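Visitor:
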Amino acid sequence: MSLSHLPDSAHPRVAVDPAVPAEDRRALRENQDLLTPATSPMPGRLHVLTGGPVVRLVRRLHGRYIVAADLDPDAKILLCRAQEAIDTVLESEVNKAGLLDGMDNALTLPAEEWEIAQTLMTHSRMREEQRRLRASDLTPLEKSRFAPQRDALRRSVAAVTERIEALEEYAARTAAADAVYRRQRRRTLPPPDNSAEILELERRNEAYEELHARTVAHELAAERIEELAEDASEIESALRQATDAARRVGDTSTS
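Counting with numbering that gives the first Met the number 0, you get residues 0 to 254 for the letters of the sequence shown.
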């Protein structure tokens, strides 16, 4: 997916621990202006409020959500990419139709978002530590003792980036399945001459499109995000096959 070139001003939505009840998660997202970084002792603009259920909720759940201010610019971009990919899957027609094992996505993807957000917040804090270290009065030899920390941070950033790219591949394949699904559901107008042969071809075309949509859906349901991250080359191959199959269906419809 083309989600990797987001602006530096990327502003991800609040990420919430999926263990928080759904109603409370929704309330937090609807009141993001009250939320401040996890390091803040006083969540949001509570000092100007007198109380109420929202204020009590924000106080009670402080530390179980991550806001944009918890992240540095690089981390914000990565979280935006993850959230866009997750939204693509959850809001797709094939997911809403239950073709992607909707219960699994509804549980797994919010957990993915939360784990990624927590890791990105850690990265942000560690990068700030490294910046302070580089600007310190330590000698180059003393600073070199912290090279393993920098290497560990680089490896972790690479790993979470790969995880996000796997989500984007999943979202891309979901979008491809959605396109086929929409074509299958779209009712075509009768041909002008009402030819029996053309009508038969249309019926056969719809059957092939439905078969292809369900095939892609089964492939998506069978795979997990971890598997996508482990072997991106297999994912790319599967996506190319799906695209070729859809193209062949299109060729059949125009023959």
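By construction, the Cβ of each residue, glycine as well, lies at the ideal position given by its N, Cα and C atoms. In this text, all values refer to a predicted model and were calculated from it rather than measured experimentally.
Between LEU119 and ALA151, how many whole angstroms is the CB-CB distance? I'm expecting something under 8 angstroms.
Guide: As a position in the sequence shown, residue 119 is number 120, starting the count at 1. As a position in the sequence shown, residue 151 is number 152, starting the count at 1. Contact doesn't hold; Cβ gap of about 15 angstroms is too wide.
Visitor: Please look up how many angstroms separate the CB atoms of LEU77 and VAL15, rounded, as I've assumed it's under 8 angstroms.
Guide: The sequence position of residue 77 within the sequence shown is 78, counting from 1. The sequence position of residue 15 within the sequence shown is 16, counting from 1. The Cβ separation is near 18 angstroms, so there is no contact.
Visitor: Which of helix, strand or coil does DSSP assign to VAL19?
Guide: Position 20 of the sequence shown, counted from the first residue, corresponds to residue 19. Coil, per DSSP.
Visitor: Compute the Euclidean distance between the alpha carbons of VAL19 and GLU141, then round it to the nearest angstrom.
Guide: Residue 19 sits at position 20 when you count from the first residue of the sequence shown. Residue 141 sits at position 142 when you count from the first residue of the sequence shown. Using only the alpha carbons, I get a separation of about 44 angstroms.
Visitor: Would you say the stretch 82 to 89 touches the stretch 51 to 63, given that touching needs at least three Cβ pairs under 8 angstroms?
Guide: With a cut-off of 8 angstroms, the stretch 51 to 63 and the stretch 82 to 89 do not count as touching, because too few Cβ pairs lie within range.
Visitor: Going by beta-carbon coordinates alone, are ASP255 and ARG126 separated by less than 9 angstroms?
Guide: Shown here, the chain extends from 0 to 254; a query on residue 255 therefore has no answer.
Visitor: Sort out for me which residues DSSP pairs ALA14 with in a bridge.
Guide: Locating residue 14 in the sequence shown gives position 15, counting from the first residue. Residue pairing by DSSP places ALA14 opposite ILE65 in a beta bridge.
Visitor: Is the distance from the Cβ of VAL88 to the Cβ of TYR180 below 9 angstroms?
Guide: The sequence position of residue 88 within the sequence shown is 89, counting from 1. The sequence position of residue 180 within the sequence shown is 181, counting from 1. No. Outside cutoff.
Visitor: How many Å lie between ALA68 and HIS122 at the Cα?
Guide: Here residue 68 is taken as the residue at index 69 of the sequence shown, counted from 1. Here residue 122 is taken as the residue at index 123 of the sequence shown, counted from 1. Approximately 13 angstroms between the Cα atoms of the pair.
Visitor: Using the rule of at least 16 other Cβ atoms within 10 Å of the residue's Cβ for burial, across every protein chain shown, is PRO17 buried or exposed?
Guide: For the purposes of this step, residue 17 is taken as the residue at position 18 of the sequence shown. PRO17 should be labelled buried.
Visitor: So what does DSSP say about ASP230, is it helix, strand or coil?
Guide: If you number the sequence shown from 1, residue 230 lands on position 231. Per-residue confidence for ASP230 stands at a pLDDT of 41, beneath the threshold of 50, marking its modelled position as unreliable; no derived number is given.
Visitor: Mind reading off the beta-carbon distance from LEU108 to LEU60? Whole number of angstroms is fine, and I expect it under 8 angstroms.
Guide: Translated into positions along the sequence shown, residue 108 becomes position 109. Translated into positions along the sequence shown, residue 60 becomes position 61. Actually they do not touch by this definition, with Cβ atoms about 20 angstroms apart.
Visitor: Does DSSP put PRO36 in a helix, in a strand, or in coil?
Guide: Stepping through the sequence shown from its first residue, residue 36 is reached at position 37. Residue state, collapsed to three classes: coil.
Visitor: Might you give, ordered along the chain, the residues of its own chain that have their beta carbon closer than 7 angstroms to the beta carbon of PRO36, omitting 5 neighbours on each side?
Guide: Residue 36 sits at position 37 when you count from the first residue of the sequence shown. Excluding sequence neighbours, PRO36 sits near VAL66, ALA68 and ASP69.
Visitor: Can you tell me where the alpha helix (DSSP H) with ASN94 in it begins and where it stops?
Guide: Taking the sequence shown and counting its residues from 1, the one referred to as residue 94 is at position 95. From DSSP, the alpha helix (DSSP H) with ASN94 extends over 92 to 95.
Visitor: Given the structure, does ARG184 come close to the ligand SAM, in the sense that its CB is under 8 angstroms from one of the ligand's heavy atoms?
Guide: As for the ligand SAM, it is missing from this structure, which has no ligand bound.
Visitor: DSSP three-state label for ALA134, please.
Guide: Taking the first residue of the sequence shown as 1, we reach residue 134 at position 135. Three-state result, ALA134: coil.
Visitor: CB GLN129 to CB GLN117, shorter than 9 angstroms?
Guide: Along the sequence shown, one-based indexing puts residue 129 at 130. Along the sequence shown, one-based indexing puts residue 117 at 118. No, they are not a contact pair.
Visitor: How many Å lie between ARG131 and TRP113 at the Cα?
Guide: Reading the sequence shown from its first residue, position 132 is the one you call residue 131. Reading the sequence shown from its first residue, position 114 is the one you call residue 113. Each residue's Cα considered, the two are about 27 angstroms apart.
Visitor: Could you have a look at ARG55 and say whether DSSP puts it in helix, strand or coil?
Guide: Working through the sequence shown from its first residue, we reach residue 55 at position 56. In the structure shown, ARG55 sits in a helix (DSSP, three-state: H, G or I).
Visitor: By how many angstroms is the C-alpha of ALA96 removed from the C-alpha of ARG162?
Guide: Reading the sequence shown from its first residue, position 163 is the one you call residue 162. Reading the sequence shown from its first residue, position 97 is the one you call residue 96. The C-alpha of ARG162 lies about 26 angstroms from the C-alpha of ALA96.
Visitor: Could you spell out the range, first to last residue, of the alpha helix (DSSP H) harbouring GLN31?
Guide: Sequence index remark: in the sequence shown, residue 31 carries index 32 (1-based). GLN31 -> no alpha helix (DSSP H), and no H or E assigned at all.
Visitor: Whole-angstrom Cβ separation of TYR64 and LEU34, contact assumed at under 8 angstroms?
Guide: Position 65 of the sequence shown, counting from 1, holds the residue named residue 64. Position 35 of the sequence shown, counting from 1, holds the residue named residue 34. Correct: roughly 6 angstroms between the Cβ atoms.
Visitor: What is the residue span of the alpha helix (DSSP H) that LEU99 lies within?
Guide: Here residue 99 refers to the residue found at position 100 when the sequence shown is read from its first residue. Counted as a single uninterrupted DSSP element, the stretch harbouring LEU99 is not any alpha helix (DSSP H), since DSSP gives it neither H nor E.
Visitor: Rounding to the nearest angstrom, what Cα-Cα distance links ALA134 and SER155 in this structure?
Guide: Here residue 134 refers to the residue found at position 135 when the sequence shown is read from its first residue. Here residue 155 refers to the residue found at position 156 when the sequence shown is read from its first residue. For ALA134 and SER155, the distance between alpha carbons rounds to 23 angstroms.
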